[in-house]
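Structure record follows, encoded as structure tokens.
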Amino acid sequence: MVAPALTLSPLSRGRQGTDRVRGARRAASVRLRTIQLCLRTCASRTGILHSARLPLRVRSRRGGRGGPISIGLRYRYPFASTGQPMAPAQIKRRAFISLLGGAAVTWPRAARAQQSKKIPRIGVLWPNPPATFEAMRQGLKDFGYVEGQNVAFEFRWAEGKLDQLPELAADLVRLQVDVIVTLAPQATLAAKHATQTIPIVFVAMGDPLASGVVASLARPGANLTGTTRMISEMSAKHVELIKEAVPSLAKLAVLWNPTNSSHAPALQAVHAAGRALSLQMQPLEVRAAAELDGTFDVIVRERADGVLFIADPVFFIALKRMADFVTSSRLPAIANFTEFPKLGGLIGYAPSIPDEFRHAASHIDKILKGAKPADLPVEQPTRFQLVINLKAAKALGLELPPMLLARADEVIE
8 MVAPALTLSP LSRGRQGTDR VRGARRAASV RLRTIQLCLR TCASRTGILH SARLPLRVRS
68 RRGGRGGPIS IGLRYRYPFA STGQPMAPAQ IKRRAFISLL GGAAVTWPRA ARAQQSKKIP
128 RIGVLWPNPP ATFEAMRQGL KDFGYVEGQN VAFEFRWAEG KLDQLPELAA DLVRLQVDVI
188 VTLAPQATLA AKHATQTIPI VFVAMGDPLA SGVVASLARP GANLTGTTRM ISEMSAKHVE
248 LIKEAVPSLA KLAVLWNPTN SSHAPALQAV HAAGRALSLQ MQPLEVRAAA ELDGTFDVIV
308 RERADGVLFI ADPVFFIALK RMADFVTSSR LPAIANFTEF PKLGGLIGYA PSIPDEFRHA
368 ASHIDKILKG AKPADLPVEQ PTRFQLVINL KAAKALGLEL PPMLLARADE VIE
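Per the numbering used here, numbering through the sequence shown is continuous, rising by one, with the last residue being 420.
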């Protein structure tokens, strides 16, 4: 943009007058160029011209000393002590410079105001794009966060390929998101290794304490907090429930993932619960969904009486395959997913998913408002859901105890 020219009134003849005119012109030109530069910056960064109702282009015409300067304004402005609007052609050079100078001074305040309204970005690091993210979205909505209005998401799905999580976590760190929310221990550990500064909120983590993610549940420390499923206690409860449903149960196959940092302590809890009930436990390692078919063959060959799936993304991805297997093999099975019996399995027992994500959303809300993850206690589940597939029980020839059915939150018939 070319700086507007300013023509001053002719002064008295003579060398001294000419020098004064040239000096005044140079000074005015410098001032106007400085003002114009400020306005360009305002226009590109904050939209201050629009808010101040100022134009970008200025046209000048000759006038006498102290006379009017004509500018390309579309509006009328109040000036001087009268408070009355003046036509653009009536604006004096001094008033014009004062007006633009005021707009330039206003720019830093406007810039700070806009920065304070920056929409926060939440990085989502998930093993796969599950329907459960809608629960996360709803949880944030309960705290006033609506995607596209006052919050934005940066999604990074591993599509079931857990070895991709470290690179996906690093990508979110490069984007400098405001907070990272993770599902599954593998995702949480990947985020933890990627950053020590960006807050991380994990959802439904099996055992964050045993995994070394937090220093304690009450005071997590570092840059992580979230919600836990207390997987060790839950897995022990699963042993008790399936034994209650199938009193004749003698040998229980337990599928677990050694790459899940929460599973080793959970497996110990399962063995302890099994010993208390005189059950023979058959632990079977599954690191990826591709290993499931071979594991199913072992279960059939070793003649297990029932199956327990310890919660893991590998199993969540393969819920339908798991349900189809236990149905075709006529095996009672239990999992830490309430979706499992809805697909044909016998029992699902897990914390309330909406509650888990609502607690996680509460942490995100507090962090975005300035709280430190280290000071936010890890939320433990307070409400659990027991879902029983009565149709599957009948197909297995099981007569479930009335007390067990009475405790169920949902019975599928």
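Using N, Cα and C, we set each Cβ at its ideal position, and we do this for glycine too.
As the structure is a computational prediction, the values presented were derived from the model and not from experiment.
C-alpha distance - residue i paired with residue j, whole-angstrom precision
i: A252; j: L411; result: 7 Å
i: I205; j: R310; result: 49 Å
i: Q193; j: L405; result: 37 Å
i: G130; j: S239; result: 28 Å
i: S268; j: E154; result: 32 Å
i: V321; j: V261; result: 14 Å
i: S223; j: L147; result: 25 Å
i: V186; j: L338; result: 43 Å
i: A342; j: F160; result: 30 Å
i: L132; j: S255; result: 42 Å
i: L403; j: D304; result: 20 Å
i: K401; j: P388; result: 31 Å
i: A225; j: L190; result: 20 Å
i: L326; j: Q156; result: 35 Å
Test item: CB-CB of residue i and residue j under 9 Å
i: L179; j: A165; result: no
i: K258; j: G313; result: yes
i: G355; j: V293; result: no
i: A142; j: P361; result: yes
i: A271; j: L169; result: no
i: T195; j: P227; result: no
i: L172; j: R128; result: no
i: G351; j: A399; result: yes
Residue environment, residue i, which counts as buried when at least 16 other CB atoms sit within 10 Å
i: E363; result: buried
i: D382; result: exposed
i: F209; result: buried
i: R414; result: exposed
i: H245; result: buried
i: S335; result: exposed
i: G233; result: buried
i: S285; result: exposed
i: I126; result: exposed
Nearest candidate by alpha-carbon position, reference residue i, set the options
i: A7; options: V305, A311 and K250; result: Shown here, the chain extends from 8 to 420; a query on residue 7 therefore has no answer.
i: D319; options: Q289, T232 and A357; result: A357
i: A177; options: P348, I207 and Q156; result: I207
i: V158; options: K376, L407 and A399; result: K376
i: T235; options: K401, I419 and F391; result: F391
i: R308; options: L407, L291 and L231; result: L291
i: V184; options: T195, T202, L172 and P384; result: T202
i: L315; options: L353, A400 and E420; result: L353
i: E346; options: N230, I419 and W263; result: I419
i: P134; options: I126, F162 and Y152; result: F162
i: P384; options: P409, N230 and I306; result: N230
Contact belief for residue i with residue j at Cβ below 8 Å, rounded distance in angstroms
i: S369; j: F140; result: That pair is no contact at about 17 Å.
i: I324; j: G219; result: In fact, because the Cβ distance is near 25 Å, the residues do not count as touching under 8 Å.
i: A280; j: E247; result: 6 Å
i: I374; j: V188; result: That pair is no contact at about 10 Å.
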